[in-house]
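Before any comments, here is the structure.
Number of protein chains: 2
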Amino acid sequence: MSGVPKEDRSAAFFDVYRALREEILAGRLEGGQALRQDDIAQRHGVSKVPVREALRRLEMENLVEFLPRRGAIVRSVSDDDLLEMLDIRVALECRALELAIPHMAESDFELAQAILDEYQASPDKKRWSELNRRFHTCILEPCGNRQLLSLISDFEQRVGPLIRLRVTEVTGLERPMKEHRQILQSCRDGAVEDAVATLRTHIETTKREVAASLRRRHLQKITAADQ
Amino acid sequence: MSGVPKEDRSAAFFDVYRALREEILAGRLEGGQALRQDDIAQRHGVSKVPVREALRRLEMENLVEFLPRRGAIVRSVSDDDLLEMLDIRVALECRALELAIPHMAESDFELAQAILDEYQASPDKKRWSELNRRFHTCILEPCGNRQLLSLISDFEQRVGPLIRLRVTEVTGLERPMKEHRQILQSCRDGAVEDAVATLRTHIETTKREVAASLRRRHLQKITAADQ
DNA sequence: TTTATTGAAATCGTATACGATTATGAGATG
DNA sequence: CATCTCATAATCGTATACGATTTCAATAAA
Numbered sequence: 001m002s003g004v005p006k007e008d009r010s011a012a013f014f015d016v017y018r019a020l021r022e023e024i025l026a027g028r029l030e031g032g033q034a035l036r037q038d039d040i041a042q043r044h045g046v047s048k049v050p051v052r053e054a055l056r057r058l059e060m061e062n063l064v065e066f067l068p069r070r071g072a073i074v075r076s077v078s079d080d081d082l083l084e085m086l087d088i089r090v091a092l093e094c095r096a097l098e099l100a101i102p103h104m105a106e107s108d109f110e111l112a113q114a115i116l117d118e119y120q121a122s123p124d125k126k127r128w129s130e131l132n133r134r135f136h137t138c139i140l141e142p143c144g145n146r147q148l149l150s151l152i153s154d155f156e157q158r159v160g161p162l163i164r165l166r167v168t169e170v171t172g173l174e175r176p177m178k179e180h181r182q183i184l185q186s187c188r189d190g191a192v193e194d195a196v197a198t199l200r201t202h203i204e205t206t207k208r209e210v211a212a213s214l215r216r217r218h219l220q221k222i223t224a225a226d227q
Numbered sequence: 228m229s230g231v232p233k234e235d236r237s238a239a240f241f242d243v244y245r246a247l248r249e250e251i252l253a254g255r256l257e258g259g260q261a262l263r264q265d266d267i268a269q270r271h272g273v274s275k276v277p278v279r280e281a282l283r284r285l286e287m288e289n290l291v292e293f294l295p296r297r298g299a300i301v302r303s304v305s306d307d308d309l310l311e312m313l314d315i316r317v318a319l320e321c322r323a324l325e326l327a328i329p330h331m332a333e334s335d336f337e338l339a340q341a342i343l344d345e346y347q348a349s350p351d352k353k354r355w356s357e358l359n360r361r362f363h364t365c366i367l368e369p370c371g372n373r374q375l376l377s378l379i380s381d382f383e384q385r386v387g388p389l390i391r392l393r394v395t396e397v398t399g400l401e402r403p404m405k406e407h408r409q410i411l412q413s414c415r416d417g418a419v420e421d422a423v424a425t426l427r428t429h430i431e432t433t434k435r436e437v438a439a440s441l442r443r444r445h446l447q448k449i450t451a452a453d454q
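Keeping their order, the protein sequence lines are chains A and B.
Take the first sequence: its letters are residues 1 to 227, numbered as in the working numbering.
Take the second sequence: its letters are residues 228 to 454, numbered as in the working numbering.
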C-alpha cells in the first residue's frame, strides 16, 4: 500500500531517498530549495553516488527537479498542480471503490464501521485525518488492484499534507461523517453506483473547499500588495 | 504528454535511461533478464554512475527491479498486472474525457473526425493502433490536466505494446470504429455521461478481449503440458 | 552419476578523484 | 554609489578505483 517500492531497503541510497522524501512531503523543505549533493551525502555519511540515485527517483516522483548543471531543487507544487491531483484522486478512488464493493466481506463492513465509531468518539482533530485515511483505505482495499492502491497511496501522501490543515479544520466533522456513513451503507447494500456517486461528491467537495481556500489566500495576497 | 520527464535531456544518464526504457517497452528485453551495469555502461560509452541513475528511475517506473546485491532485472509484467493496468486506464481515461468535454472546441471535433476518417480509409493494420492512440489523445487532451494526461500516456506506453497484437488483429475495425463515432457524437452533444459510458465500455471490452486471449493462452499451456 | 567444495572471475555498491561549469565576492571602473 | 571584471571557491556530472558478495566452474567426495 505504501507506494514506495519495498525492495532493496538495505541499500545506502534508500536511507537517503526515504529521508529526503519524508522531508519534502512533510513540507520541511521549501519548494525551489537547492538540494546540495555534497551536503546531503555528508549528512548521511555516504558519497554522492547513492545521493544522486535517490534524487533521480524523487525526480521520477515529481518531488524534485533537476536543472541542467545546477543540480536538484525541491519541486514546488502550484495551486493548479494540487487541484489536478485532486481530480486524479476522484478518478482513482471512485474506480477502486467500484471494483472493491463486489469483493467486500462482512468483516470489511465491520472494520469500516469501527473506524467510523472511533472517528465519532475522537475529540482530537489531529486524529481525524488519520482516521479518514484509514476509512478510505479500508473501503478501497478490497478492490485487489495493487497498482491502483499504490497509485492512490502515492497521491494521498502528496496531497494529504497540503490540504489537511486547510480542510479538516474548516469543514468540521458533520458533513464528511454523514458522507462516510452513507458510503458504507451503500457498500453494504451492494449499491455500487450510489456508493461511487457519494464518494465522488465527497472528494469533489474537498476539492471545492481547497479551491476556495486557495482563492481566498490569493485574494489576500493581492489586497495585501495593494496596501 | 510523453510521461518521460523533459528536463536534463543533455545529461549522459538520460541517453541510457531513454534507450533502456525503449528496449523494455518494445519488449526487446525479456522479463527477468539481468541488466549488467558494466555492459550497459560500455555499450553507451559511459561509466556505471549514470547507468545506475537510469536504472533507479526505471525502478520507480516499475520497469526494472533491483534485487539486493544482484543488481537490476527487467520487471516482468504478469497477466494480472496487465489486467490491473487496464482497470486503471478505465479510471484515468474516463475521468479525463469527463473533464475534457466541457472544454472542447469545434476544432477539437474536427480533428477527431479527421482522425476517424483516416482510420476508416486506412487498410494498414499497423496504422490502426497509431490512429487509435491519436484519437484517444485528441479527445482527452482538452481536459487540461497535465498530470492526468501524463499518467494516461505512461499507461498507454506500457500497456499498448502488450495488447496491440493481441487485440487489434483479432477484433477488427467494426466495433471500435462504431464506438469511436458514438463517443465523438456524444462529445459534440455535450452528453458527458453518454460519452463516458461508451468510452468505459470501449476500454472494458478491450480488457475482456485481453483477458480472453490470456485465458486461451494459459489453457493452451496447460494442455500442452499434459501431452 | 550426483552432490559438495572451493577458488577464480564477475558483478555489485559505494568511495574517491577530477575536469567542467556556475556561483561568489573583491577590487576596478564609470 | 552602482556595476562590471575576473579570480576563487563551490558544485556538478562523471570516470575510476576498490572492498564485498555472488556466480560459476572445476575438482573432490559420496
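Note that beta-carbon positions come from the ideal geometry of N, C-alpha and C, so glycine has one too.
Could you confirm whether any beta carbon from chain B is found closer than 8 Å to the beta carbon of Lys207 (chain A)?
For Lys207 (chain A), the answer is no, since every Cβ of chain B falls outside 8 Å of its Cβ.
Hey, out of B:Ala418, B:Glu333, B:Arg316 and B:Asn359, whose CA is closest to Ser377 (chain B)'s CA?
The residue with the shortest Cα to Cα distance from Ser377 (chain B) is B:Arg316.
For Glu174 (chain A) and Arg134 (chain A), I'd like the C-alpha separation in whole angstroms.
Whole-angstrom Cα-Cα distance: 18 Å.
For Pro50 (chain A), count neighbouring C-beta atoms within 10 Å of its own C-beta (all shown protein chains included) and say buried if the count is 16 or more, exposed if not.
By the 10 Å Cβ count, Pro50 (chain A) comes out buried.
Do you know how far the Cα of Ala121 (chain A) is from the Cα of Val231 (chain B)?
Because the pLDDT of Val231 (chain B) is 47, which lies under 50, any placement of that residue in the model is unreliable, and the question is left without a value.
Identify each residue in the region 137-163 of chain A for which the Cβ-Cβ distance to at least one residue of chain B is less than 8 Å, and report them in chain order.
Those would be Asn145, Arg146, Gln147, Leu148 and Leu151, in chain order.
Roughly how many whole angstroms lie between the Cα atoms of Leu131 (chain A) and Glu22 (chain A)?
Taking the straight line from one Cα to the other gives about 20 Å.
Along the region 291-316 of chain B, where does the CB come closer than 8 Å to a CB of chain A? Name the residues.
So the close ones are Glu292, Phe293, Leu294, Pro295, Asp308, Glu311, Met312, Asp314 and Ile315.
Can you list, in chain order, the residues of the region 29-40 of chain A whose Cβ is nearer than 7 Å to any Cβ on chain B?
So nothing in the stretch comes that close.
Run through DSSP, which three-state label would Met1 (chain A) get?
Any reading at Met1 (chain A) must be qualified, since the residue scores a pLDDT of 42, below 50, and its modelled position is unreliable; the value itself is stated next. Looking at Met1 (chain A) - three-state DSSP - the assignment turns out to be coil, as it is neither helix nor strand.
Counting along the chain, where does the alpha helix (DSSP H) carrying Leu294 (chain B) start and finish?
From DSSP, Leu294 (chain B) is part of no alpha helix (DSSP H) but of the beta strand (DSSP E) over Val291 to Leu294.
At least one CB of chain B closer than 8 Å to the CB of Leu199 (chain A): is that the case?
Leu199 (chain A) does not count as touching chain B.
Any beta carbon from chain B within less than 8 Å of Glu53 (chain A)'s own beta carbon?
So yes, Glu53 (chain A) belongs to the interface.
Of all the residues that make up the region 112-124 of chain A, which are near chain B by a beta-carbon distance shorter than 8 Å?
Result list empty, no residue passes.
Can you tell me whether DSSP reads Gln301 (chain B) as helix, strand or coil?
In the sequence as displayed, the identity of residue 301 (chain B) is Val instead of Gln. Val301 (chain B) falls in the strand class under three-state DSSP.
Is His445 (chain B) buried or exposed, if buried means 16 or more other CB atoms sit within 10 Å of its CB?
Classification of His445 (chain B): exposed, given that the 10 Å Cβ count is below 16.
Taking only beta-carbon positions, decide if Met1 (chain A) is within less than 8 Å of chain B.
Summary for Met1 (chain A): the model assigns pLDDT 42, below 50, so the residue's position carries little reliability, and this model does not support an answer.
Considering only residues of the region 397-453 of chain B, which uninterrupted beta strand (DSSP E) runs meet the minimum length of 3 residues and lie entirely inside it, listed in chain order?
Complete beta strand (DSSP E) runs here, min 3: none at all.
Short of 8 Å in beta carbon distance, which residues of its chain neighbour Lys434 (chain B), apart from the five on each side in sequence? Order them along the chain.
If we look at Lys434 (chain B) and ignore the five residues flanking it on each side, its Cβ neighbours are Leu310, Leu313, Asp314 and Val317.
Any beta carbon from chain A within less than 8 Å of Met288 (chain B)'s own beta carbon?
One detail in the question is off: residue 288 (chain B) reads as Glu in this sequence, not Met. Taking Cβ atoms only, chain A reaches closer than 8 Å to Glu288 (chain B), which makes this a yes.
So what does DSSP say about Ala327 (chain B), is it helix, strand or coil?
The answer is helix: DSSP assigns Ala327 (chain B) an H, G or I state.
Excluding sequence positions up to five away, which residues of its chain have a Cβ less than 6 Å from the Cβ of Gln227 (chain A)?
Note on Gln227 (chain A): pLDDT 49, under 50, position unreliable in the model; no value is reported.
Locate the alpha helix (DSSP H) running through Ala239 (chain B), then write down its first and last residues.
Ala239 to Leu252 is the extent of the alpha helix (DSSP H) around Ala239 (chain B).
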